[in-house]
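Take a look at the structure below.
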Amino acid sequence: MERHDHAPVIVTRADDLLRLTTRRSFLRAIGAGASIVLLPGVFAACDDSSNDLTGVGGLPEGSLAFDLRTDVGIFRLTQTQEIIESTFYSAVVTHGAFNTFFTADERELFTDLRNVELVHREFLRNALGAQAVPDFSGQLNQTTLAQLLVSRDSIIATARMLEHTGLATLNGAGKYIRDARNLLVSGKLASVEARHAAALRDFGPPAGIAANTAFAGDDVIDVNGRDVKIEASVTVASIRALNIINEPLNSNVTITNPPDATQGVPTADFFPANP
Amino acid sequence: MDNTHSIVDGIDPEIMDRLVTRRDAIRKGASASAAVVAGLRLASVPVALAVLSRDVFAQAPSDILDALQFAYILENLENEFYRAVLGTSAVGAQNRAFDTVRAQIVSAPNGAAIQAAFQQIQKHEQQHVDFLRATAIPLFGGTAPVITAADFDFTGGNGTGTGPFARATAELEFLLLTAQAFEDTGVRAYKGQASRFLIAGNTNADIALESALRIHSVEARHAAKIRRIRRQRNPGETALRFSGYVRGGGIAAAGASMIASPPGEVVAALNAIYGGNTPESNTQHTVYNDVTSTATTIDASTMTGLGGALAIAGGDTQLTAATMAFDEPLTKAEVINIVQNFIINNSARGLP
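Chains as they are written, first to last, in this note's numbering: chain E, 1 to 275; chain A, 1 to 352.
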């Protein structure tokens, strides 16, 4: 693990993630490799679906709510992540400093990432039809986006976080999927996200991680040779903490129903503070 | 967009492929569910197929054990391959076979980085072997067979030591291509086996599935790393991406243009590794919507929504992006066909 020069950011309640000071701390943490500690209360709060907002951010109520008792709900969460990823990479490749921040090799990487995430986004939108989440790419927090795009290091660190969160979510959600066709599609996406994650760590390893083995370092692969994995509740908290979606939509990213017992039971997460 | 709502079209080729296996199982006396029997009695092929496509996934723990034993053989193959390359095999002859290429790694530009990557990858393969033997296989009441480096012929010669991949022992580019091929085969093998772990309400099956998925993505990291190493050594070979994606299908996806006069068997092997019933170039993927009970097949190379977005900076077509965006499965039979000449025949011990 990397050495931390910063105190961990402690998040005790989901609302903490919405306070500006915590948001700033989170963004700094992404850049600096500090720990982010999500205490159990965060996830209790995430289950609170008592918001009675309508027309949130111009989108239908519940548009970013996930019923994880269905494969559709699991795919909707993945689609939400793909929308964030593809919008972020689109901003990276059209950034005024794209050519100065990155070498030709790195520009190929980010262009590939942009293209592939756009394909993932549109694939899931087409496949889910009326059950797809609406396109909220017009609802992104431009202040947050500008902060994330401020430097080469910030862009790579953000991309690493997005890709590892996406991969870990798919690895954690596979056990809840009911239909084999959907498990296959999830697997087709997951190994591509893993290729992204490894490439980004090669070009910009987290602080304190050996460059030659960063692609699959000991901080992201456990002692049994297994990759990162998180439960969906952590994914939702992570999306909200990133604060890349405008309020009030951002605080309406919620899990309405966790997976039920016939789908599977949660397992221990494996995910470093700064993947 | 290519939406097909036909109940038969909604069954993807992978499932169709497996139906054949299950049909054999049923013929051998395995029980068919009442729904299947009803479907067959109606003499309606589409209905019977549709029902079978669900019934086929009512897996038994013995099926999981078979998938784990299969994975165990593949992980041993990879692990012993890297040990021989690194000179740490327990079998001296395997180490000596790679003496020439090992010296080339040391003297290569970025040789230390290649060496470190191989060591890290080998460490993971050993961890996978240990995890399968000590934890996953016993979880389902099985015992892993004893497999050693002596069970393998890394030239692909089934024991002759002079198979079509022999050049991997003497040419670094050939070695790197072979390592990439092993890793991408591993990714595709796990992906193809994942559905065998689906048992509703079985916690052990969930643990095995989650571990298999997490190992699967580690293999993808390995494959991506080797692809990047190869691209750095061969800047003009753009089939190899800095992103580590698999681009296209068949031998084109291998990125083998720097290999002079590859043996015909190697070309055939690479076509099999990146081809198959669902080749890496496939762009059609089926999602089953369990809210509307509808299966939808989308062709990612022609679907709507991307407009001109892809042309902004990359110049790639939607078709090219679509082949990179999805990794594809291999069936167990396809994987065995690929690896069987690297494993010295020993059917009595379960080695193909």
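All C-beta atoms in this analysis are idealised placements derived from N, C-alpha and C, irrespective of residue type, glycine included.
Query                                                                                                                                                                         : Result
Rank Pro-205/E, Leu-118/E, Pro-266/E, Gly-204/E by C-alpha distance to the C-alpha of Thr-78/E and give the top, closest one.                                                 : Leu-118/E
What does DSSP give as the partner residue(s) for His-285/A in the beta ladder?                                                                                               : Ile-298/A
Using the rule of at least 16 other Cβ atoms within 10 Å of the residue's Cβ for burial, across every protein chain shown, is Ala-103/A buried or exposed?                    : exposed
Measuring straight from C-alpha to C-alpha, what distance separates Ile-251/A and Gln-142/E?                                                                                  : 44 Å
Between Asp-66/A and Thr-70/E, how many whole angstroms is the CB-CB distance? I'm expecting something under 8 Å.                                                             : About 29 Å separates the two Cβ atoms, so there is no contact after all.
In the DSSP assignment, find the unbroken beta strand (DSSP E) run with Ile-255/E in it and report its ends.                                                                  : 254-257
If you reduce the DSSP assignment to three classes, tell me which class Leu-175/A lands in.                                                                                   : helix
From the DSSP output, which residues share a beta bridge with Asn-346/A?                                                                                                      : Leu-351/A
When the Cα of Pro-145/A is compared with those of Ile-73/A, Ile-215/A, Asp-206/A, Glu-171/A, which residue comes out closest?                                                : Ile-73/A
Any C-beta of chain E sitting closer than 9 Å to the C-beta of Gln-127/A?                                                                                                     : yes
Is Gly-270/E helix, strand or coil when you go by DSSP?                                                                                                                       : It should be noted that the sequence gives Phe, not Gly, for residue 270/E. Phe-270/E: strand per DSSP, three-state reduction.
How about His-120/E and Leu-167/E: are their beta carbons less than 9 Å apart?                                                                                                : no
Taking DSSP's pairing of strands, which residues face Ala-285/E in a bridge?                                                                                                  : Because chain E here runs from 1 to 275, residue 285/E falls outside it and cannot be looked at.
I need the DSSP call for Phe-165/A, collapsed to helix, strand or coil.                                                                                                       : coil
Along the region 184-198 of chain E, where does the CB come closer than 9 Å to a CB of chain A? Name the residues.                                                            : Leu-184, Val-185, Ser-186, Gly-187, Lys-188, Leu-189, Ala-190, Ser-191, Val-192, Glu-193, Ala-194, Arg-195, His-196, Ala-197, Ala-198
Using a C-beta cutoff of 9 Å, does Glu-122/E count as contacting chain A?                                                                                                     : yes
Starting from the Cα of Tyr-82/A, find the closest Cα among Val-106/A, His-124/A, Asn-110/A and give me that residue.                                                         : His-124/A
Which class does Leu-77/A belong to by DSSP, given the choice of helix, strand or coil?                                                                                       : helix
Quick check on the DSSP output: the alpha helix (DSSP H) that includes Asn-95/A runs from which residue to which?                                                             : 92-97
Is DSSP giving Phe-70/A helix, strand or coil here?                                                                                                                           : helix
Please list the terminal residues of the continuous alpha helix (DSSP H) segment that includes Tyr-89/E.                                                                      : 71-93
In chain A, which residues lie less than 9 Å from Gly-129/E when you measure between Cβ atoms?                                                                                : Asn-3, Asn-289, Thr-292, Thr-294, Thr-296
Could you tell me the distance, in whole angstroms, from the CA atom of Leu-124/E to the CA atom of Arg-247/A?                                                                : 21 Å
Using only CA atoms, which one of Gly-163/A, Asn-282/A, Arg-230/A lies nearest to Thr-302/A?                                                                                  : Asn-282/A
Give me the Cβ distance between Ser-195/A and Ala-194/E, rounded to the nearest whole Å; I'm assuming they're in contact under 8 Å.                                           : Contact doesn't hold; Cβ gap of about 19 Å is too wide.
Hey, could you find the ends of the alpha helix (DSSP H) Thr-262/E is sitting in?                                                                                             : Note, Thr-262/E: premise wrong, no alpha helix (DSSP H); not H, not E.
Taking Cβ positions, are Thr-169/E and Ile-230/E nearer each other than 9 Å?                                                                                                  : yes
Can you give the Cα-Cα distance for Leu-306/A and Gly-92/A, rounded to whole angstroms?                                                                                       : 55 Å
For Gln-81/E, which residues of its own chain have a beta-carbon under 8 Å away from its beta-carbon, when the five flanking residues on both sides are left out?             : Leu-162, Thr-165, Gly-166, Thr-169, Thr-235, Ile-239
Tell me the DSSP secondary structure of Leu-140/E in three-state form.                                                                                                        : strand
Just list the alpha helix (DSSP H) runs in the region 154-206 of chain E, keeping only unbroken ones of 4 residues or longer that don't cross its boundaries, in chain order. : 180-203
So, Gln-126/A versus Asn-79/A, is the Cβ gap smaller than 9 Å?                                                                                                                : yes
Are Ile-226/A and Ala-179/A closer than 9 Å when you measure CB to CB?                                                                                                        : yes
Skipping 5 residues on each side, what residues in its chain have a beta carbon closer than 8 Å to that of Ala-34/A?                                                          : Residue confidence for Ala-34/A is low, a pLDDT of 41 falling below 50, so the modelled location carries little weight and cannot support an answer.
Is Leu-59/E close to chain A, meaning its C-beta is less than 9 Å from at least one C-beta of that chain?                                                                     : no
At the level of alpha carbons, what is the spacing between Leu-113/E and Thr-323/A?                                                                                           : 13 Å
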